[in-house]
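>
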Amino acid sequence: MPFSQHTDPHNQIVKVLLIDDDEDDYIITEDVLDDIPFRSYELDWVANYDDAVEIVSEGNHDVYIVDYLLGAKSGLDLIIECLKDHPFKPFILLTGQGDVKVDEQAMVAGASDYLVKGQITPQQLERAIRHSILHSKHLNHIQELNEKLEQRVQDRTRQLDNAIKTLQRSNEDLELQIFERKKAEEELVKSQAIYKIIAHNFPYGLISVLDENLNYLFADGTGFKDLDLDADRIVGAKFFKFLSENDPSRIEEYQKCFKLAQGVINTGEEVIFEFKYKNLNYSTIIVPIKNSRQQTKQVLVVMLNITQQTKAEEEIRKALTKERQLNELKSRFVSMASHEFRTPLSTIMSSVSLISRYNLPEHEEKKEKHIKRIKSSVNNLTQILNDFLSISKLEEGKAFVHQSTIDIDSYIENLCDEMSSVTKQGQKIIINHEGISQFKTDPQILKNIIINLLSNAIKYSGIGDRIWVDSCIDENELRVSIKDEGMGIPEKDQVHLFDRFFRAENAINIQGTGLGLNIVTKYIEMLNGSISFESKEDVGTTFSIKIPKKFIPNEKNTIDRG
0 MPFSQHTDPH NQIVKVLLID DDEDDYIITE DVLDDIPFRS YELDWVANYD DAVEIVSEGN
60 HDVYIVDYLL GAKSGLDLII ECLKDHPFKP FILLTGQGDV KVDEQAMVAG ASDYLVKGQI
120 TPQQLERAIR HSILHSKHLN HIQELNEKLE QRVQDRTRQL DNAIKTLQRS NEDLELQIFE
180 RKKAEEELVK SQAIYKIIAH NFPYGLISVL DENLNYLFAD GTGFKDLDLD ADRIVGAKFF
240 KFLSENDPSR IEEYQKCFKL AQGVINTGEE VIFEFKYKNL NYSTIIVPIK NSRQQTKQVL
300 VVMLNITQQT KAEEEIRKAL TKERQLNELK SRFVSMASHE FRTPLSTIMS SVSLISRYNL
360 PEHEEKKEKH IKRIKSSVNN LTQILNDFLS ISKLEEGKAF VHQSTIDIDS YIENLCDEMS
420 SVTKQGQKII INHEGISQFK TDPQILKNII INLLSNAIKY SGIGDRIWVD SCIDENELRV
480 SIKDEGMGIP EKDQVHLFDR FFRAENAINI QGTGLGLNIV TKYIEMLNGS ISFESKEDVG
540 TTFSIKIPKK FIPNEKNTID RG
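For what it's worth, numbering that gives the first Met the number 0 labels the leading residue of the sequence shown as 0, then goes sequentially.
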């Protein structure tokens, strides 16, 4: 039997159903909901799988939190079963362990979000509930738009059917008068007048009639201007002749359309196809116009401009794809970050605990050792946070280029001094610069690039290894190379080196997010630059970047003029 918590009736209430066979989870969830500020929640609880299916079908709740384990069946089974009849219900999967595979299974099953038991904060739960409800509303809205679009297409199709039937009836009336030439000519004029009235007012395209050789007998409509067609010259011209002349890059596509029209003459069966003309999209239907002996001597062609409809559908697809990609990125990063945070935090805790015991002068060396471990761990945590902030800014389009003139020689020297605190024992950074020193660029973006590459060189090099930082400015560009004597990159892994979250096989046990080089490439693109590398396993790696003096703004490096 479901339980419900009491809420303030004056606040906006969000109804939540917890589907979990453990009453302790209900109590924990109730406490977490109580800690969420500025909003009231009404929590119901059901422990039985079959009861849960029935309650979900009643639709009395705003969101559903489902435990992964529900006796003989799983929460994924319940989500799949419920979404068959109620496809847009917002479900949040609750499991006892952080497993990316379970997360992916939840998203495939149709869950809106995924939470880990024992790690749920009020902020996480509020975000998951809000995101799931909003996601459900978006899906419902998209379905409504699709239904409206289908209805519009059906309405337009009925209009076209009526126009076709009218034209067919007119043509049949004309065939009945073939015994008398003068009367037949008069009927032809009347028929063309009807064509003219219908076609002249036909929106977003044109209506035309072709003879059995696919020459225009008649054409009219509002689409002449869009198609760059001359209404006075089109009668007598070949089907698709002018379009082929105006847009020769698609001549093969137009030839295929012409053959489809010939097929209507030969088979007497209508055909529907789409084609592009310059930057426009058209849907075309070709219908046979048969005489009294059921011979196809003419065809009716209706061209409808569907550019706006196509763009709207494409925007919806792009928005859904972008949302899926962002959700995947956030999920993968949270999973990765939670794992990467554990090791440095554990190191800091253990080192702090040990330092507190080293109070004698002879313990000074041990204290310094643990202080260095703490600094290294803090640096690792800082790098993870920097990666997260950088990827967030880049994905959201909030990273901008702010140019100023810097002295590269002293600039790189300062960066190397800053990184010297995290070098390993005996490691030495050797700096060399050639050419002029003044260069105009974004100092912060360039710092992010060099610090990331230099950090990798330190991280993947051994004790006592050397690292070279060489820079040069000539009349065209700034060149910086960072060379190490480290472990190198296996040849089979080099093709994936700049992929997001990728870690080389020999670096799996070394801390890192797998985002650094991907972020570096995006920053370099913002500066119109390029990056390359050479590496040999157990010998070392050299990364080289080039940044041109001439900065060209584009969609990837839009300058903030605020």
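Each residue gets a CB set at the ideal place from its N, CA and C atoms; glycine is no exception.
#1: Less than 8 Å between the C-beta atoms of N280 and T320, yes or no?
#2: Should T156 go down as buried or exposed, given a rule of 16 or more other Cβ atoms within 10 Å for buried?
#3: In whole angstroms, what separates the C-alpha of L228 from that of G235?
#4: Is there contact here, the segment 516–536 with the segment 478–493, by at least three beta-carbon pairs under 8 Å?
#5: How do the segment 262–280 and the segment 292–302 stand: do at least 3 beta-carbon pairs fall below 8 Å, yes or no?
#6: Drop a sphere of 10 angstroms on the beta-carbon of I145, count the other beta-carbons inside from all chains shown, and report buried for 16 or more, exposed for fewer.
#7: From which residue to which residue does the beta strand (DSSP E) around L213 run?
#8: Taking the alpha-carbon of G539 as reference, which of D483, I546, K521, K277 has the nearest alpha-carbon?
#9: Span of the alpha helix (DSSP H) holding T283?
#10: Please report the distance separating the alpha-carbon of Q254 from that of L166.
#11: Measuring alpha carbon to alpha carbon, tell me which residue in M302, D61, A108 is nearest A218.
#12: With 16 as the cutoff for other CB atoms within 10 Å, does F542 come out buried or exposed?
#13: From this set, H85, Y459, I466, S420, which residue's C-alpha is nearest I430's C-alpha?
#14: To which residues does DSSP link F272 through a beta bridge?
#15: How about G528 and I546: do their beta carbons lie closer than 8 Å?
#16: R372 to Q443, Cα distance in whole Å?
#17: From the DSSP output, which residues share a beta bridge with G58?
#18: Alpha carbon to alpha carbon, what distance is there between Q307 and D594?
#19: Tell me whether T381 is buried or exposed, calling it buried when 16 or more other Cβ atoms sit within 10 Å of its Cβ.
#20: Of the residues G434, I472, I428, which one's Cα is nearest the Cα of T463?
#21: May I ask you to report which of helix, strand or coil DSSP gives F257?
#22: Just to confirm, is the Cβ distance from I78 to A108 under 8 Å?
#23: Our contact map puts Y67 next to V101 with C-beta atoms below 8 Å; I'd like the distance itself, whole angstroms only.
Taking the geometry as given:
#1: no
#2: exposed
#3: 13 Å
#4: yes
#5: yes
#6: For the sequence presented, residue 145 should be read as Asn rather than Ile. Flag for N145 reads exposed.
#7: Note, L213: premise wrong, no beta strand (DSSP E); not H, not E.
#8: D483
#9: Element bounds for T283: not the alpha helix (DSSP H) but the beta strand (DSSP E), 279–289.
#10: 27 Å
#11: M302
#12: buried
#13: I466
#14: T283
#15: yes
#16: 28 Å
#17: For G58, which the question treats as bridged, DSSP gives no partner whatsoever.
#18: Since the first and last residues shown for the chain are 0 and 561, residue 594 lies out of range.
#19: exposed
#20: For the sequence presented, residue 463 should be read as Gly rather than Thr. Nearest of G434, I472, I428 to G463, Cα basis: I428.
#21: helix
#22: yes
#23: 7 Å
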